[in-house]
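The next block holds one structure in the form of structure tokens; read it before the comments.
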Amino acid sequence: MFNGARGPLRLDVEMPVTGYFSRQSACHGQTLQLKVSANKGGPVGARILRLRSGDANPAGPGMVFDDVKVLPTFQGVRQNIDIGSYAVLPEVATDGSTTFAVNIQPWLIRPTGAVIAQGSGWCLRLDETGITAQVGEVSVDLPAVLARKYWYRLWLSFDADRQVIGLGCKGIQGPQR
Numbered sequence: 020m021f022n023g024a025r026g027p028l029r030l031d032v033e034m035p036v037t038g039y040f041s042r043q044s045a046c047h048g049q050t051l052q053l054k055v056s057a058n059k060g061g062p063v064g065a066r067i068l069r070l071r072s073g074d075a076n077p078a079g080p081g082m083v084f085d086d087v088k089v090l091p092t093f094q095g096v097r098q099n100i101d102i103g104s105y106a107v108l109p110e111v112a113t114d115g116s117t118t119f120a121v122n123i124q125p126w127l128i129r130p131t132g133a134v135i136a137q138g139s140g141w142c143l144r145l146d147e148t149g150i151t152a153q154v155g156e157v158s159v160d161l162p163a164v165l166a167r168k169y170w171y172r173l174w175l176s177f178d179a180d181r182q183v184i185g186l187g188c189k190g191i192q193g194p195q196r
């Protein structure tokens with residue numbers, strides 16, 4: 020991956036302090052919640068800025084900020100901020116029979132599809148029309164229009180002797196925000 024003029028984007032390096040507000044903006048009297056993670060703990064300070072100019076053009080006025088409020092220092096705590104969701108599955112052998120299940124909560128279902136899980140010789144995919152499982156040369160489609168932000172349990176069984184795939188899907192929880 021490349022991160023503009025800053026060079027390669029390093030996913031193995033974690034920023035010492037990361038944070039965000041519960042909302043991107045607020046009017047007078049509204050409340051913002053600050054969410055912060057500090058790798059090593061210790062005191063953390065923050066401030067609220069008003070953006071007067073967001074023009075990054077060198078010939079323009081540039082980035083202009085006004086301090087609105089300096090927040091009190093507080094004790095930082097490490098909290099994982101996962102980029103996307105993923106699971107690492109042990110290698111599933113496709114030369115024998117196997118069964119496994121995954122819980123998913125799709126937020127963005129693309130027409131081109133997405134890989135839900137994969138391993139050596141097998142793949143579980145989701146697109147707008149349903150779920151597809153493939154093990155070796157055998158594949159099966161499960162027509163199922165999944166709703167965004169709902170939790171589902173998907174399971175895949177493979178009978179190596181009969182070369183049969185079992186594929187299922189069940190909603191397990193309502194919408195999440």
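Position in the sequence shown (first residue = 1) + 19 = my numbering. Beta carbons: idealized from backbone N, C-alpha and C, even for Gly.
According to DSSP, residues forming a beta bridge with residue i
i, result
"N122", "R172"
"A136", "L143"
"V164", "Per DSSP, none; premise fails for V164."
"R181", "Paired residues: none, contrary to the question."
"L70", "F84"
"G48", "Bridge partners of G48: none, in fact."
Residues of its chain near residue i, where Cβ-Cβ distance is below 8 angstroms and the 5 sequence neighbours each way are ignored
i, result
"I135", "V121, I123, L143, R144, L145, I150, L173"
"D207", "The structure shown does not extend to residue 207, since the chain spans only 20 to 196, so no value can be given for it."
"R196", "Its pLDDT being 47, under 50, R196 is placed unreliably in this model, and the value from its coordinates should be taken loosely. So the qualifying residues of the chain are K168."
"L70", "M82, V83, F84"
"V36", "V55, S56, A57, N58, V63, G95"
"A129", "For the sequence presented, residue 129 should be read as Arg rather than Ala. D146, E147."
Delimiting residues of the beta strand (DSSP E) encompassing residue i
i, result
"K59", "Counting along the chain, K59 falls outside any beta strand (DSSP E), and DSSP gives it neither H nor E."
"A75", "Unbroken run through A75: none, as it is neither H nor E."
"G38", "36 to 40"
"Q153", "149 to 154"
Residues near residue i by beta carbon distance below 6 angstroms, same chain, minus five either side
i, result
"S176", "T118, G185"
"G23", "Per-residue confidence for G23 stands at a pLDDT of 37, beneath the threshold of 50, marking its modelled position as unreliable; no derived number is given."
"G115", "A179"
Collapsed DSSP secondary structure at residue i in the structure displayed
i, result
"R97", "coil"
"T117", "strand"
"I128", "coil"
"D85", "strand"
"L90", "coil"
"G79", "coil"
"G187", "strand"
Cβ-based neighbour list, residue i, same chain, cut-off 7 angstroms, excluding 5 preceding and 5 following
i, result
"V87", "I67, L68, R69"
"V154", "T113, G140, W141, F177, I184"
"R39", "Reading off the sequence, residue 39 comes out as Tyr, not Arg. Excluding positions up to five away in sequence, the list reads K54."
Beta-carbon proximity of residue i to residue j, cut-off 8 angstroms
i, j, result
"L161", "P125", "no"
"L51", "R42", "yes"
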